[in-house]
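Working notes, beginning with the structure itself.
Residue numbers (full-length UniProt numbering): 1 to 182.
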């Protein structure tokens, strides 16, 4: 697997911030017949973004790039695993190269419930179905933000899984390859 499987904590102002909630894990969905399981990995943009009002003066690097840590995204990232476990009840929208879904989430920074967008690459790696979360953020602009409808056809994760299993192996986006070179 070419993705980071364990994220090291970061330290800011003498406080250690754990990233273990972004370690590789499995989600299993059951509809009818056999369960469908995905191995889930996460990307840097789940807790980083340059030039936000929530940045701290600390960069975090993966094997591709480095970005400033965004504390709003970091706090929200703690909920990602439970959000993905609800993916079987969500509508997945497909765009060129990635998929996304949105749901309303409590923003711990503002105290308000806001639309939250989770962008994913869904693909097959060898015989394993994979979800790589490329980014996750409160949707304040564009499709899925307040007052802006999503003008794409949506699908269930079950349909996406069946279609992904039919694709040839080895078609994964470059963002998935985020493991530092050793």
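From the three backbone atoms N, C-alpha and C, an ideal C-beta is built for every residue, glycine too. On a predicted model such as this, the values are computed, not experimentally measured, just so you know.
| Query | Result |
| --- | --- |
| Residue 120 to residue 48 span [Cα, whole Å] | 16 Å |
| C-beta contact flag for residue 155 and residue 73 at 8 Å | no |
| Residue of 161, 16 and 20 minimising C-alpha distance to residue 91 | 161 |
| For residue 102, the residue or residues it bridges with in DSSP | 117 |
| Proximity winner among 58, 28 and 79, relative to residue 195 (alpha-carbon distances) | This structure cannot settle anything about residue 195, because the visible part of the chain is limited to 1 through 182. |
| Boundaries of the alpha helix (DSSP H) in which residue 76 is found, first to last residue | 71-77 |
| Where the beta strand (DSSP E) through residue 150 begins and ends | No beta strand (DSSP E) holds residue 150; DSSP gives it neither H nor E. |
| Residue 44 classed as buried or exposed, judged by whether at least 16 other C-beta atoms fall within 10 angstroms | buried |
| Per DSSP, cross-strand counterpart(s) of residue 61 | 66 |
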